[in-house]
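Residue numbers (mature numbering (1 follows the signal peptide of the UniProt record, and there is no 0)): -20 to -1, 1 to 140. Beta carbons are placed, not taken as given, at the ideal position from N, Cα and C, and that holds for glycine. Remember, it's a predicted structure, so these values are computed and weren't measured experimentally. The structure under discussion appears below in the form of structure tokens.
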């Protein structure tokens, strides 16, 4: 009975974790995603479950996603966790924290190429955030942790 109980709990955890919606993303797919939203302002946050400042600011991105969802603002969260952690640690984190923004994990064979195409200013450190307005060919990159007020004022300034 004890062994059957452990197996059942394990299966439930696998099911629970695998239901979190997160998709692979490389630089070409990101560019296609951005091009598909001509009149949308994108806020793309690069984070990882092992990054304390990233975890601290994630609720602010979720709040922006909810507050500005009718204003053609789209928050995209890109996990930089190792691929081996996506189906366990990352999906569990997503479910536990009820993340609702669009979620991806980096699926790029050459991370340096990805980093350089996001911004020449990016050292690769996280948290990092990219604001993009494709129709205006406008981009702004920040390698820093945001509080809510900074994030919102940056978004408002960027949109205008």
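Checking the sheet assignment: what are the DSSP bridge partners for residue 4? Position 24 of the chain shown, counted from the first residue, corresponds to residue 4. BP columns for residue 4 point to 85.
Continuous beta strand (DSSP E) stretch holding residue 120: start and end: Start at 1 with the first residue of the chain shown, and residue 120 comes out as number 140. Where residue 120 is concerned, the enclosing beta strand (DSSP E) stretches over 118 to 122.
Burial state of residue 27, where buried means 16 or more other Cβ atoms lie within 10 Å: Taking the chain shown and counting its residues from 1, the one referred to as residue 27 is at position 47. By the neighbour-count rule (16 or more Cβ atoms within 10 Å), residue 27 is buried.
Among 85, 112, 63, 87, which one has its Cα closest to the Cα of residue 98? By 1-based counting over the chain shown, the position of residue 98 is 118. Checked all of 85, 112, 63, 87; the closest Cα to residue 98 is 112.
What's the call for residue 81, buried or exposed, on a 16-neighbour Cβ count within 10 Å? Translated into positions along the chain shown, residue 81 becomes position 101. So residue 81 ends up on the buried side.
With a CB to CB cut of under 6 angstroms and the five nearest residues on each side skipped, what residues in its chain are close to residue 3? Mapped onto the chain shown, residue 3 falls at position 23. Excluding sequence neighbours, residue 3 sits near 84.
Roughly how many angstroms separate the alpha carbons of residue 132 and residue 90, rounded to a whole number? As a working mapping, residue 132 is identified with position 152 in the chain shown. As a working mapping, residue 90 is identified with position 110 in the chain shown. The C-alpha of residue 132 lies about 32 angstroms from the C-alpha of residue 90.
Taking the runs of the beta strand (DSSP E) that are 3 residues or longer, which of them lie wholly in the stretch 16 to 54? Uninterrupted beta strand (DSSP E) stretches at least 3 residues long and entirely within the stretch 16 to 54 occur at 21 to 27, given in chain order.
Excluding sequence positions up to five away, which residues of its chain have a Cβ less than 6 angstroms from the Cβ of residue 73? In the chain shown, the residue the question calls residue 73 occupies position 93. Within the same chain, and ignoring the five residues on either side of residue 73 in sequence, the residues whose Cβ sits closer than 6 angstroms to its Cβ are 29.
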